[in-house]
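Sequences listed follow chains A and B, in order. Take the first sequence: its letter number 348 is residue 349 in our numbering, and every next letter is one higher. Take the second sequence: its letter number 573 is residue 1106 in our numbering, and every next letter is one higher. Just so you know, even glycine gets a beta-carbon here, dropped at the ideal spot from N, CA and C. What follows is a short report on a single structure.
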Amino acid sequence: MIETKNPRIDVAQLLALVQTEIDRQRSGQPQTDSATDGCQPAGENNNPYEWTQLASTLDIAQQNADAGSRISTYLNYRKSIRWLVRGVGKLILYFGRVITVPQRDFNNASLHALRITLNGIRDMNRFVDQTVHRMDTRVEQLDQRMNSRLAELERRDQEKDHLIGYLKSTLTMQERRVALFLDEARRCLPETFTHEQLQSFVTEKGHLLDSLYVTFEDKFRGTREEIRERLSVYLPLLDEAGAGTAGRPVLDIGSGRGEWLELLHENNLTARGVDINETLASQCRQRGLEVEIQDAFEYLRSLPDGCLGAVTGFHIIEHLPMETQLELYAESNRVLVTGGLAIFETPNPQNLLVGACNFYADPTHKRPLYPETQQFFLEYRGFSRVELKYLHPHEAGARLPENEAPELASRLNDLLSCARDYAVIGYKP
Amino acid sequence: MSRPIAIVTSWFGRDLKGGAEQLAWQVATRLAARGHQVEVLTTCCRSFLEDWSHNHLAPGEEMEDGVLIRRFPVDQRQSEEFVAANNFVLSFPVQNLLPGVSPFTCGTADTFIYENIKSNKLLRFLKKNKDAFHAFIFLPYLYGPILNGLPLVADKAWLQPCLHDEAYAYLPRVEELFRMARGILYNSAGEARLARKLYGPGIQDKEIVVGVGVETACGLQSDMQEVGPLHIGKDRFILCLGRRDVHKNTLFLAEIFAGFKNQFPDSVLKLALAGPGDTSFSDVHPDVIDLGLVSEEEKEALLAHCRALFHPSENESYSRVIMEAWFHERPVAAHRNCPATAMAVQTAGGGWLAGDVSEWAELFAEVDGVAEGELHALGLKGKSYARQYAVWDTVIDRYEQVLGLTGQADIPVVVNKTNLQAVHQLLPGFAFGDAISNQAMLIRDFLRDQGYESVIYTEAIDPSMTHEAQLFADGKLSSDDAVIYHHSIGSGLMPFLNSLRGPRCLIYHNITPPAFVADHDPGLADQLQQGLEMLPRLAELFPVSAGVSRFNAGELQQHGFASPEVMPICVDPAKWNIPIPVHLMYELQDGRTNILFVGRIVSNKCQHDLIEAFSLYRRFDPGARLLLVGGHDEKDPYFKQLLELINSRGLSGDVFFPGKVDDAHLHAYFRTAHLYWSMSEHEGFGVPFVEAMWFDIPVLAFKSSAVPETLGRGGILFDSKDNPEEPAALAHLLVHNKTLRGDVLAAQAERRQDFLPAHVLPALDSLLLRMAQLSDISV
């Protein structure tokens, strides 16, 4: 614990500062703050060999290079003794020549050599600076080129991974089909195919695009985490309706990749799915989820009255023609217990981007569904308290700037950024 | 007072330009006007701008405005050599200047000092007539007559440096002037702070901020309506007054103003520039009004009507225009990096500080937006400060006071109030640099000043200190004498103490618990144990006692002493008025962070914990080094253990043991330290904590024994060693976080005052009184 009696310091704040300092050090972030006043900045390197200093040092040396050639300090003496000092000085200079003459030669030669060396070093320094600068620029250019090339390679690599995944699952399916075909052929030949054998080939034909759709979903629907996050808004509704118990299980129609079923299981709710796509269903089963591979209507029809707590369907009704939708709602109403609920989520055409474009990203979509129509259909098929729940508004990036034509931009923004999906929710009375 | 005051300056005259020249004239004439005899000792050279070897004026004496001016001829000099030396020092990169390290080479320093403006006749006059003068004021610091003249009369010399942070200030001779002068007169508190930064805290007890008077004509009502294109009274403008020059940051300010105007095109604010200078800045932005040099009347009108004065220069020792603005009740913005102006604005509260571009830009917006009432309120605060430090009358009062011209004799602080004739001291050991020995000498000097006879007696003495104390074994101390006994360890003095009959007092300096040293130094542990065992008997013998801290007084009470008092150890920064080893200052200012702890290498000081914590600190600051200053024995097992620890942590090039060092070296360690860090688990007082406070080093310490009491509001304490990462991070903050460091140093600057002799010695006085009262009682 830190303590101080200093009234200027708040200990709680200081402790927080200390913790930040520790965290920053642990995360390996560099220290950005500068050193303090009143003391030498830590880490700053002193370079005493500045060129101007070197030059003025040589000037000083030059002024003293001719030592012994003259004496001028006698000027400091009083006039009365100045002549004496001058005479003695000259005498000393005369006898000193034995030493001072070669010394002066040495001084001047050394200074000359030093100046040549200094100029050489300066030139070299300039050359090194220029070279380093050139190299720096080239390294920077290379670096940029390499980075953009790397990014391109990475993108291609991801595309290839995707394609390989698709090819792998297609191959597995094809192998299974060939094996089945051969098996049946071996049993029948030379006899002709029975009706059932022909039917099994026909059925299999309906699944030919299954793995393509799986890959499509992976690319366009969003990550599992995103979907789970989006679906979690429905959990409280199930809870309120008491759905998800063993006596009132949940049925998810078109359970797809199984994010919803998974979420329900994690919340200890009893649920199963039904999906006609074999690839998706088998992936769900591998995750330990209960999924029937069957046509949803056939499955619904096979169920007794009042056996389910909830029927859900996310992004399925836009794949169905109107008659089938009505049948789905009627069958759902039949199999639900009293108080049970049905939830059907679909893209919201009121959003300009969704209605005009995004809806058509999936070629198996029939046509956009007007929210109030779906509300009416559910009511018509016997549901009560039918409501519309608008979901997933567009992020801010889709908005137009409002500074030039604010009114128009604002109205357009409402249409661009309103909910991308909606759910129609009804209860069995 | 019969003897005159002498002002020594290189050039002197009523009309000379320049801050120092004007200051010399004002001080001389104003002191003379108050009836003091004032002489000016100067040269025959006319001014700074002339040839320094030429005598323009006739030598001799003349009277002007009541001042006797003595002019001495200048001598011939090697001016080319001087110019070369001057160029050499000016070419020294300012960011490489280091306190205590000369930027001059040996030869250039001599050339600068002796080939400067010089007058041997003036120097001879000083030497010969020293006694004829009451005091000498030398100003400013960097010319020949001052550099060579002040040392001749140092004990009567007051240096008025007019100091700047420039290469000349780092000349060793300049530092010597500060050290030897009897007193130092500063123009501003910022200048005093700069001097302490350059020369350490040793000079602080002889400094005084006298201030500088500013004459303004602000009382005069001017009906001036226009100055150049500026409509005074109508236009809304900020004023920047003074030399218009890139080096004074004029361009810097004008460009920021242009940026501000581009951001707020609707603002009608203008920036008026006025002052000498060759460059015009009016093309920076149409609303930058460059008025050039203005007349006095125009200046007054501008000052009276501006919204605020902006003073962006970073290199000022004093700024008249700030005071002038305040006299006009206008607020001032100063540059954060200029100590002199920033400190004045901060202390006065008469404006704002700004440093970088964004701060200045914000300030333009603030001054533009704020109500006139608020500006005026700030201006008034400035005015009250200016009245204190910039009105000649109060400034000259301070000169009179400090030079002893008020006619009042010095009143002694305390007089001998007891009937005792002699009070001696007795202590077990007396050594150089030892805190107890230093305290004993201080007490002795105080006693002698009070008229007592006083000698220090000791059982053992450091050979270098024989002139300060006498051996107890010589038998000169009698049982009937009045004795102050310092107790800190077991000794052979007990039989004598038992025999004491005279007035007596015990001062307790604490005994380190023997357990701390038992493993490493059993001999010392025995002595400490003996010291502890003596306490109950001493309690019976000494009716008067004191501990050097409340912590120690508490221990005395536990051992049966009756109402012990507290007399802290004196820590006087004047002892640091000594030269520093240059090589050490250079080595220690190499850019690495210096973490310091001062204390004997002994286990209760926990240097091992400090090394461990330092190894964690290095994660924050990989270039840091740890300096563990204090005596150690190479054979001591604890010392060996520390060496092993250092090796195992890979710190062998980063932890240093300089050993027990003399004051000059210790001075260098304190001057260059960035943090004082203690992990010690037992301190009876902790003198180095207070010393660190004097050197403006933030203190980080483990909370133990008397440490919190000594630190008071200063420093930061931590009470657990369990998570050493926390103190390590805290240490890093104390070194690098300016705000935290500033807060800690401000509190330390207050706390250290409590250990000055003036605060401590009254406690001794009270002890002496009690001793005298009890002198008749025999135990």
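The Cβ-Cβ distance between alanine 866 of chain B and leucine 842 of chain B falls below 9 Å. Taking each of B:Gly568, B:Ala591, B:Ala964, B:Ile1179 in turn and checking the Cα distance to proline 606 of chain B, the smallest one comes out for B:Ala591.
A Cβ-Cβ separation of about 13 Å leaves alanine 877 of chain B out of contact with arginine 869 of chain B under the 8 Å criterion.
At a cut-off of 9 Å between C-beta atoms, threonine 58 of chain A counts as an interface residue with respect to chain B. Comparing alpha carbon positions, the residue from B:Pro819, B:Trp544, B:Leu564 closest to threonine 575 of chain B is B:Trp544. DSSP places tryptophan 558 of chain B within a helical segment (H, G or I) once states are collapsed to three. Within the same chain, and ignoring the five residues on either side of alanine 968 of chain B in sequence, the residues whose Cβ sits closer than 8 Å to its Cβ are His1042, Ile1102, Phe1218, Val1220.
Bridge pairing for serine 385 of chain A: A:Tyr428 [DSSP]. Listed along chain B are Asp1276, Ala1279, Ala1280, each with a C-beta nearer than 7 Å to that of arginine 9 of chain A. Glutamine 175 of chain A has a beta carbon lying at 9 Å or more from every beta carbon in chain B.
Using a Cβ distance threshold of 9 Å, tryptophan 691 of chain B and leucine 786 of chain B do not count as a contacting pair. The C-alpha of leucine 1250 of chain B is placed about 7 Å away from the C-alpha of proline 1241 of chain B. Listed in chain order, the positions of the region 598-614 of chain B with a beta carbon within less than 9 Å of a beta carbon of chain A are Asp608, Gln609, Arg610, Gln611, Glu613, Glu614.
Under the Cβ criterion (8 Å, minimum of three pairs), the region 1050-1062 of chain B does not count as touching the region 1029-1040 of chain B.
Per DSSP, the continuous alpha helix (DSSP H) segment holding valine 12 of chain A begins and ends at 12-27. Scanning its chain for C-beta atoms nearer than 6 Å, with the 5 sequence neighbours on each side dropped, one finds around arginine 977 of chain B the residues Ser987, Ile989, in chain order.
The Cβ of glutamate 408 of chain A sits no closer than 9 Å to any Cβ of chain B. A Cβ-Cβ contact shorter than 9 Å links aspartate 1054 of chain B with aspartate 1169 of chain B. For isoleucine 789 of chain B, the enclosing alpha helix (DSSP H) has its first and last residue at 783-796.
In the pairwise beta carbon analysis, the region 638-648 of chain B is classified as not touching the region 664-671 of chain B: fewer than three pairs are separated by under 8 Å.
Leucine 413 of chain A and proline 350 of chain A have their C-alpha atoms some 15 Å from each other. Nearest Cα to glycine 883 of chain B within the set B:Ala618, B:Glu895, B:Glu899, B:Arg863: B:Arg863. Proximity of chain B to leucine 18 of chain A at the Cβ level (cut-off 7 Å) is accounted for by Leu1266, in chain order. By alpha-carbon distance to valine 686 of chain B, the top candidate from B:Leu710, B:Ala700, B:Pro705 is B:Leu710. Taking the CA atoms as reference points, tryptophan 84 of chain A sits about 10 Å from glycine 90 of chain A. Chain order gives the chain A residues near aspartate 1252 of chain B as Met2, Glu4, where near means a beta carbon separation below 7 Å. For glutamate 1216 of chain B, no alpha helix (DSSP H) run applies, since DSSP gives it neither H nor E. Against alanine 618 of chain B, the close residues of chain A are Ile61, in the order they occur along the chain (beta-carbon pairs closer than 7 Å). Rounded to whole angstroms, glutamate 849 of chain B and isoleucine 771 of chain B show a C-alpha spacing of 20 Å. Of all C-beta pairs linking the region 406-426 of chain A to the region 365-385 of chain A, three or more are shorter than 8 Å, placing the two stretches in contact. For isoleucine 23 of chain A, at least one C-beta of chain B is nearer than 9 Å to its own C-beta.
Contact annotation: the region 294-311 of chain A does not touch the region 211-226 of chain A, with fewer than three C-beta pairs closer than 8 Å.
Look at asparagine 108 of chain A: its C-beta is not under 9 Å from any C-beta on chain B. For alanine 1262 of chain B, the enclosing alpha helix (DSSP H) begins and ends at 1258-1269. For asparagine 414 of chain A, no CB of chain B lies under 9 Å from its own CB, so it is not counted at the interface with that chain.
The shortest C-alpha to C-alpha distance from aspartate 1252 of chain B to any of B:Gly912, B:Leu1233, B:Thr1243 is the one to B:Leu1233.
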